[in-house]
Structure formats: C-alpha cells, structure tokens
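Enquirer:
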Amino acid sequence: MSSKAGRKRASSSSSSSVHEQLQQLRSLTNSTAVNKTSIIVDASRYIEELKEKVDNMNQETATSSQASTSSQNPLPMVTVETLEKGFLINVFLEKNCPGLLVSILETFEELGLDVLEARVSCEESFKLEAIGGENEGNAECIDAQMVKQAVMQAIRKWGENSHQE
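Printed below as a string of structure tokens:
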C-alpha cells in the first residue's frame, strides 16, 4: 500500500505544480478564465496577438528603414539631350534639396552654359528642366555626356556638403 501512497503524493505534487503553472499562465495573459482549457485557449490567443504585433512592428521597421535610406541617399535622375544650339537638361530627385539649384547653376556657369530657359520645382521633390546654350566666347566643345557628368558631380558634392551640416 505504501507504493499507492507514494504514487498519490507524486500525483498530488504534480497536480499542484500544473495548477501553479496554469495560474502563472493565467496571470501572464491577463486571463479571467477559471478552468484549465479556457486558460490554455486564452494563452493561445494571447500568443497569436503577440505574434501579430511582432510582425507588424517588423514590417514598420523595414518600411521606415527603407524610407530613411531612400531619403538619405536619393538617386538622382539626370538626362541631357543635345539641341541645335545647346542642351535640354532634366534633373529629378525624390526629395526637396535646399541649395541644390545653386550648385547646378554654378556648374552650368563653369561649363560655359547660359541658362536660356528653366522650370524648377523644389517643394516636395526637386525637378529642374533647363535649356542651356553655349556661351559665344566658349571655344570648348561640350557634349551631352560632359554636361550630365558635371551635373551628377554637382549633386554628389551637394549631398556630401548637406550631410556634413
């Protein structure tokens, strides 16, 4: 009979251990359930909610890090077309770039290009469409590739200077 009593005590301590664990689980999940099955169901729901929250946070983190990366390093779109007497220059960046217009105009001056016509928008993004004609006194032969490289260089320099400030 002593073996039955031993089993009963082991079963009793095991039962109280399970009961304690269920109470801890109930407390952790803020469950108001009383029976074992309901506590476990509440805990399962709580775990699913936590998983959803983690997934949402991971998505938000990924989205915000992509946004901050693209806003820190916007890729400029620069096109230069050769016209009869000059160039059509288009510049587009996804964000507002204070001071960039000045840098680009200084580059035009260094190249010996006169701005004959320009349209600029720099409210939410930066857009420049300019027609540049070569100076009469400019003996250098400038091609579209040179203009594009010079504008890209001006954008890079502007980016380096704006990150230092």
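With full-length UniProt numbering applied, the sequence shown covers 1 to 165. Quick reminder that beta carbons are idealized off the backbone N, C-alpha and C, glycines included.
1) Hey, quick one: how far does the alpha helix (DSSP H) through residue 104 stretch, first residue to last?
2) Would you tell me roughly how many angstroms separate the C-alpha atoms of residue 117 and residue 64, rounded to the nearest one?
3) Quick check: residue 199 and residue 50, are their CB atoms within less than 7 Å of each other?
4) My guess is that residue 130 and residue 155 are in contact by the Cβ rule of under 8 Å, so how many angstroms apart are they, rounded?
5) Taking the straight line between their C-alpha atoms, what separation do you get for residue 44 and residue 15?
6) Note down the Cα distance separating residue 160 from residue 101, rounded to an integer number of angstroms.
Expert: In this structure, then:
1) Locating residue 104 in the sequence shown gives position 104, counting from the first residue. Segment 100-111, the alpha helix (DSSP H) holding residue 104.
2) The sequence position of residue 117 within the sequence shown is 117, counting from 1. The sequence position of residue 64 within the sequence shown is 64, counting from 1. If you take the alpha carbons of residue 117 and residue 64, they lie about 38 Å apart.
3) Outside the modelled stretch of the chain, which goes from 1 to 165, sits residue 199, for which no answer is possible.
4) To locate residue 130, count along the sequence shown from 1; it is residue 130. To locate residue 155, count along the sequence shown from 1; it is residue 155. Not confirmed; about 14 Å, so no contact.
5) Within the sequence shown, residue 44 is the residue found at index 44, counting from 1. Within the sequence shown, residue 15 is the residue found at index 15, counting from 1. Roughly 21 Å separates the two Cα atoms.
6) For the purposes of this step, residue 160 is identified with residue 160 of the sequence shown, where counting begins at 1. For the purposes of this step, residue 101 is identified with residue 101 of the sequence shown, where counting begins at 1. Cα to Cα, the separation comes out at about 15 Å.
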